[in-house]
Amino acid sequence: MKIIELYKVIFCSVSKKYKIIFRTLENDKQFTLYFESQYAKNIAMASENIMSISLSQYELFINLLDELKLKIDKIVFKENKSNGNGSMNCFLKIRNSNNEFMEMYSFIGDGIIIALKTFSNIYIQEKFLEKTSDVNNKEFFNDVDSNKIFNKEILNNKETTKEKVYRLKSALNESINNENYEAAAFIRDRIRELKKS
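Quick note: the sequence shown uses our numbering, first residue 490, plus one each step.
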């Protein structure tokens, strides 16, 4: 098992999903998940310790654990051996006042948010980690379709940086007009990344 930390949240405009990148503390391996916008926004807000209505359910759960004298010890991503297909499950390792442990199943996105809000370590089986490489690092800063990433193919995007920035500025204005300020913040950060490259 390796400890991983949240590294980046990146919007992939082609797939319309957010790419959540974790890396090991040694920074030589990474783990990537794809989420729809609401989960990704909640993960980003939890990582910044921002209070939000959409995160209130997690606060209630954490407060309930406190009342029951239970504490989140760590979050573990491990193989689901029961179904035999090698998929990954997320479990909360919970400790009681007698230092006894229990395991509680969690949806992956919920587990990540709870880990961030309780400052708990996230552990993952090494089999789910990928070696960080120059190709993958370049991939982080391009608009890449998530299906292509899963198939280890890089999308050949002929769009220039200027065109991407123009398209993202349009999306930024639309988000602001719709008062979707969380999405606007993500898009603004993406524009900044593109202008740096």
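No residue lacks a Cβ here, since even glycine has one placed at the ideal position from N, Cα and C.
CA-to-CA, the gap between Glu589 and Leu554 works out to about 14 Å.
Beyond the five residues adjoining it in sequence on each side, Tyr496 comes within less than 8 Å, by CB distance, of Ile510, Phe511, Arg512 and Gln519 in the same chain, given in chain order. In the three-state reduction of the DSSP assignment, Lys497 falls in the strand class.
Here Phe524 is not near Tyr547, since their CB atoms are 8 Å or more apart.
Residue burial is scored here from C-beta neighbours: Leu514 has fewer than 16 other C-beta atoms within 10 angstroms and is therefore classed as exposed.
Separation of Phe617 and Phe550 (C-alpha to C-alpha, rounded to the nearest whole angstrom) is 28 Å. Membership of Asp562 in the beta strand (DSSP E) is indicated by the continuous run Lys560 to Glu568.
The DSSP-derived three-state label of Lys505 is coil.
Between Ile597 and Ile493 a beta carbon distance of about 13 Å is seen, past the 8 Å cut, so the two are scored as non-contacting. With respect to the 8 Å criterion, Ser664 and Ile680 are not classified as neighbours on the basis of their beta carbons.
When secondary structure is reduced to three states using DSSP, Thr650 falls in the helix class. Assigned with DSSP and collapsed to three states, Gln614 falls in coil, not helix or strand. In the DSSP annotation of this structure, the continuous segment of the beta strand (DSSP E) that includes Asn578 starts and ends at Met577 to Arg584. One Cα belongs to Val565, the other to Leu581, and the distance between them is close to 6 Å. Partner residues in the beta bridge of Phe511, as assigned by DSSP, are Leu495 and Phe520.
Between the beta-carbon of Ile613 and that of Asn531 there is about 20 Å, and that puts the pair past the 8 Å contact cut. Secondary structure of Glu682 (DSSP, three-state): helix.
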